[in-house]
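For reference, the structure is listed below as structure tokens.
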Amino acid sequence: MSFICQAQDNIVQGPFSLDKNLIISFVKERNKSISLVAKCGKNRKVIDNYNVYDGILEIKTVFFIFVDKVKNAAVLVSWNEGNISAIRYKVFFYRYDRDELVINRRLTNDENLSGYDGYGSSGLIFYYKDSDSISNYIKEKYK
Numbered sequence: 003m004s005f006i007c008q009a010q011d012n013i014v015q016g017p018f019s020l021d022k023n024l025i026i027s028f029v030k031e032r033n034k035s036i037s038l039v040a041k042c043g044k045n046r047k048v049i050d051n052y053n054v055y056d057g058i059l060e061i062k063t064v065f066f067i068f069v070d071k072v073k074n075a076a077v078l079v080s081w082n083e084g085n086i087s088a089i090r091y092k093v094f095f096y097r098y099d100r101d102e103l104v105i106n107r108r109l110t111n112d113e114n115l116s117g118y119d120g121y122g123s124s125g126l127i128f129y130y131k132d133s134d135s136i137s138n139y140i141k142e143k144y145k
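Under the numbering used here, think of the first position of the sequence shown as 3, with each following residue one higher.
Here you go:
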């Protein structure tokens, strides 16, 4: 008797269909990082990887938004950094263009979409912690 053993992804968010052929998921890796993985049929490609750094990593929300008539996946990632009593947030964007998902550097590098909430007694506030606030900001700034 023989058994076939196949590794199974530890999916923490998704799967999400971008079209009839492409599906994306967020997979927890052995080193506790999370990878954004695209699957088209039997083909699997890691699009990005979010490292643990100094805190517990979490995918807070994933949603889709059109910018310049191109579909984008928006991903809000947080790191709970207990050593400084703060949560770090960063929004990543990926363009779905010509049947391929690629990082949208223009949006991902927007300094307003990365920051801390808390940070000891300083009271820093990060304002873009959900899909509504992120969408409104993108629609206002990148009309």
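Heads up, the beta-carbon is just placed ideally off N, CA and C, and yes, glycines get one too.
Residue i: first and last residue of the uninterrupted beta strand (DSSP E) it sits in
i, result
"K30", "L24 to K30"
"G16", "I13 to S19"
Range covered by the alpha helix (DSSP H) that runs through residue i
i, result
"I140", "S133 to K143"
Three-state secondary structure assigned by DSSP to residue i
i, result
"S35", "coil"
"G120", "strand"
"L126", "strand"
message: Could you tell me which whole alpha helix (DSSP H) segments of length 4 or greater appear in the stretch 42-117?
response: 107-110
- prompt: Is the stretch 95-104 touching the stretch 52-64 in the sense that three or more CB pairs, one from each, lie closer than 8 Å?
  reply: no
field: Sufficient close CB pairs (3 or more, under 8 Å) joining the stretch 66-73 to the stretch 43-55
entry: Touching, no.
message: Between the stretch 17-35 and the stretch 85-92, can you find at least three pairs of beta-carbon atoms closer than 8 Å?
response: no
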